[in-house]
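Each residue of the sequence shown is one higher than the one before, starting from 437 at the first, in my numbering.
For every residue, glycine included, the Cβ atom is placed at its ideal position computed from N, Cα and C.
Here the structure is laid out as structure tokens; the discussion comes afterwards.
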Amino acid sequence: MRVLFVCLGNICRSPTAEGMFRRHLDEAGLADRVAVDSCGIGPWHVGKAPDPRAQGAAAERGLDLSAQRARQLAAGDFARFDYLLAMDEDNLVALQARRPADCHAHVGLFLDFAGLQGRAVPDPYYGGDQGFEEVLDLVEAASLGLVEAVRRRLEGDS
Ligand code: 4NP
């Protein structure tokens with residue numbers, strides 16, 4: 437099973453989602469059955485580590501994002517991943533526009549897995565520190581829901 441988190445720059449929201457989901461997979465004993473990655477729609481921050489504010493807020497909750505490096509969405513991602521999960525509606529529209537007709541992956545909003553249908557993880561890049569706390573709160577809830585969805589799918593497969 438492969439999961440890709442998608443935001444605009446791949447330096448704030450999707451790296452946070454990647455770090456949080458890795459922790460929850462680990463806690464659920466599923467880390468060796470699920471591959472996790474994140475990417476951005478835009479090219480501006482390719483190769484960079486997550487924003488220092490995202491790293492700082494995550495570190496306060498025991499998540500180390502420092503090894504991550506930003507990359508841009510690639511055409512091959514639609515065949516490689518089972519889930520491509522957008523942080524907001526703009527990211528989702530961009531994903532749908534690039535989605536090949538033969539793509540069978542689940543392409544949707546990440547917060548659907550928190551029971552927050554149609555809601556976005558707000559972009560914290562131009563705001564204050566509180567935005568990064570809100571990202572962590574939303575991502576934590578959706579990540580726990582996604583672990584359960586993935587577990588059900590893996591059990592269905594086995
Ligand atoms: P992210 O945040 O999409 O959560 O990584 C952003 C990072 C950079 C920019 C926008 C959003 N930017 O415009 O450079």
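Apart from sequence neighbours up to five positions away, the residues of its chain that approach R469 with a beta-carbon distance below 7 Å are M437, L590, ordered along the chain.
When the beta-carbon positions are compared, L547 and A585 stay at least 9 Å from each other. In chain order, F514, V543 place their CB closer than 7 Å to the CB of R535, counting only its own chain and leaving out the 5 sequence neighbours on each side. Residue list for the ligand 4NP: C443, L444, G445, N446, I447, C448, R449, S450, G476, G478, W480, H481, D487, M523, D559, P560, Y561 (CB closer than 7 Å to any heavy atom, chain order). In this chain, the beta strand (DSSP E) harbouring L545 covers 542 to 545.
Sixteen is the threshold: since fewer than 16 other Cβ atoms of the shown chains lie within 10 Å of the Cβ of R516, the residue is exposed. Taking a contact to require three or more Cβ pairs closer than 8 Å, the segment 494 to 504 and the segment 521 to 537 do not qualify as touching.
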